[in-house]
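Comments concern the structure below.
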Amino acid sequence: MRFWVGAYAPDTGSAEGIGILQAGAPDEPGAGGPLGMVATAVAAPGSPSWVAVHPTASDIVYAAVEFDGTVQAYRRVGETRLTPLGRPVDAGAAVCHVAAAPDASFLVASCWGDGRVVRIDLDAEGRPSRPLIAAEAADPHGSGESAEGTVSTGARVSGAVVPDLAAAARALRAAAGEEFSHLIPAYDDTPETDAESEEAAAGDRVSRAHQAIFLPGGLVATTDMGFDLVRFWRSTPGGLRLVQEVVLPQGSGPRHGIWHPSGHLYVVTELSCEVFVLAADRAGRWQVRSGEPLLGTLDTDTAAELCASSDGSTLYAGVRGSDTVGVLSVRGAGEALQLTALAETGTHWPRHHVVVADTLLVAGQLAHEIVSLPLDARTGVPGRVRHRTPSPSPTRLLPMR
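Spelled out as structure tokens, the structure:
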């Protein structure tokens, strides 16, 4: 089986562009075989940190070229090459995610650097154009006071202690490198003066959109890590129309989510290392139903990716720092989660992971490698690393179709 590999290029990493990973034989449906990087499909020096595939044309791939601030479409040529399809489309600062609508009519790009959520039209050939910037997010915690259902730094969220945000931010800045560390907010305490304290408080919290998830019925959910929001939209000819926002605890940092067949949306929080369960009531209003902390993580840990097992019974949440993956069982009718294990990934800085049948593939960004771990057939818990291969600064693993 083969995978597209998003990565950080020489501006912040060591990849040349979008790579191709092979797990076992290329035509095998599983990913448990030996790993190897086959080729660089296309050079992209601006860091194609996230890639997505066209929903109906599997030969078209979209890349969020993070440090160019653009979205670029590519068409597959032969087995191992991509060629640009159209021109790059401006999205926003540090665009870190792109997703394609199920009907292939548009993309949604999320920008970590400036908080933009951008709808991008697709023509009949899959070529992107006409970016439309959605409404800006407002900080629901901007007053500095905890609103109902929220907590402040150092309090408990769903029974777990919120990590030291200053330490987590320092770890992220170290990983980002000198050139981009200034984009990550500081959470250090004890400013020198009251004026400086107020200025720091105002500057620390900025909008940081991170992902878009397409839900049934034409709804789009986006996460805002900086403002602790999950926002819900509908697409219109004039762009995305905001229909609702769900506020998560202050300082939690919602990063990525997945839609579950039970009708629930699961969201992993980068800073508080939790997984929240969201669901709509009979009137269609979304709300938080429950949350499960990834107990055993360190204060400086930051969660990254969330994915589900093939049958949807188990979730896997990657944690950078302690370099672990939380294993959560889906309980009841999907309204509750239970942490069953915190397993070692066997690599450093697990930026992204994906489950293929009985195998968990993990992109170790700072280890510059991809590893595979077998999943226990009964418990779903990952075992020791089975295979590994060098891969420069990997950030996204996308199965080829």
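At position 79 of the sequence shown (counting the first as 1) the number is 111 in my numbering, and the numbers step up by one without a gap.
Think of the CB as a built atom: it goes at the ideal place given N, C-alpha and C, for glycine as much as any other residue.
On a predicted model such as this, the values are computed, not experimentally measured, just so you know.
Residue environment, residue i, which counts as buried when at least 16 other CB atoms sit within 10 Å
| i | result |
| --- | --- |
| A156 | exposed |
| P61 | exposed |
| E111 | exposed |
| G415 | exposed |
| A349 | buried |
| P382 | buried |
| Q104 | buried |
| G147 | buried |
| S425 | buried |
| P293 | exposed |
| S342 | exposed |
Option in the options with minimal Cα separation from residue i
| i | options | result |
| --- | --- | --- |
| L280 | L393, V121, S294, G258 | G258 |
| S46 | A76, M33, C143, V351 | A76 |
| R119 | P163, S342, T427 | P163 |
| A96 | W265, T334, I152 | I152 |
| G295 | G344, T301, A395 | G344 |
| V413 | H86, W144, L374 | L374 |
| W82 | L347, A126, R420, H400 | A126 |
| A335 | L360, A389, E306 | E306 |
| H400 | P422, T411, G101, A133 | P422 |
| L338 | F264, V130, V300, G366 | V300 |
Contacting residues, own chain, Cβ-Cβ under 8 Å from residue i (five flanking each side not counted)
| i | result |
| --- | --- |
| L261 | A169, P172, T255, E277, V278, V279, L280, P286 |
| G181 | Caution is warranted here: a pLDDT of 34 is assigned to G181, below 50, making its placement in the model unreliable, and no coordinate value can be reported. |
| R266 | G250, L251, V252, L272, R273, V275 |
| L297 | I245, L247, A253, V262, G289, I290, W291, V309, L310, A311, W318 |
| L114 | I50, A73, V74, V93, Y106, R107, R108 |
Whole-angstrom distance between residue j and residue i, CA atom to CA atom
| i | j | result |
| --- | --- | --- |
| R363 | A41 | 40 Å |
| S304 | A315 | 30 Å |
| L393 | L53 | 11 Å |
| A327 | G353 | It should be pointed out that residue 327 corresponds to Leu in this sequence rather than to Ala. Whole-angstrom Cα-Cα distance: 14 Å. |
| P269 | V252 | 15 Å |
| T332 | V109 | 43 Å |
| E98 | H384 | 16 Å |
| S137 | A89 | 12 Å |
| L139 | D122 | 13 Å |
| T44 | L398 | 11 Å |
| V387 | A409 | 13 Å |
| Q370 | T356 | 17 Å |
| T329 | L117 | 43 Å |
| R428 | S404 | 14 Å |
| P58 | M69 | 12 Å |
| L67 | A395 | 12 Å |
Residues near residue i in its chain [Cβ-Cβ closer than 6 Å; skip 5 each side]
| i | result |
| --- | --- |
| A192 | Residue placement at A192 is poorly supported in this model, since its pLDDT is 36, which falls under 50; the coordinates are not used for a value here. |
| G64 | T391 |
| S322 | V309, A368 |
| G378 | V403, V417 |
Chain D contact for residue i (CB, 8 Å cutoff)
| i | result |
| --- | --- |
| L360 | No chain D appears in the structure shown, which is made up of a single protein chain. |
Cβ-based neighbour list, residue i, same chain, cut-off 7 Å, excluding 5 preceding and 5 following
| i | result |
| --- | --- |
| G271 | R151, L164, A166 |
| M432 | R34, F35, W36 |
| S239 | G147, E168, A169, D256, G258, F259 |
| L154 | A136, S137, F138, L139, P160 |
Alpha helix (DSSP H) segments (min. 4 residues) lying fully within the segment 300 to 350: Counting only runs of 4+ residues, no alpha helix (DSSP H) is found wholly inside the segment 300 to 350.
Ordered list of alpha helix (DSSP H) runs contained in the segment 127 to 160, each at least 4 residues: none
Any beta strand (DSSP E) of 3 or more consecutive residues that is wholly inside the segment 259 to 298: 261 to 268, 271 to 279, 286 to 291
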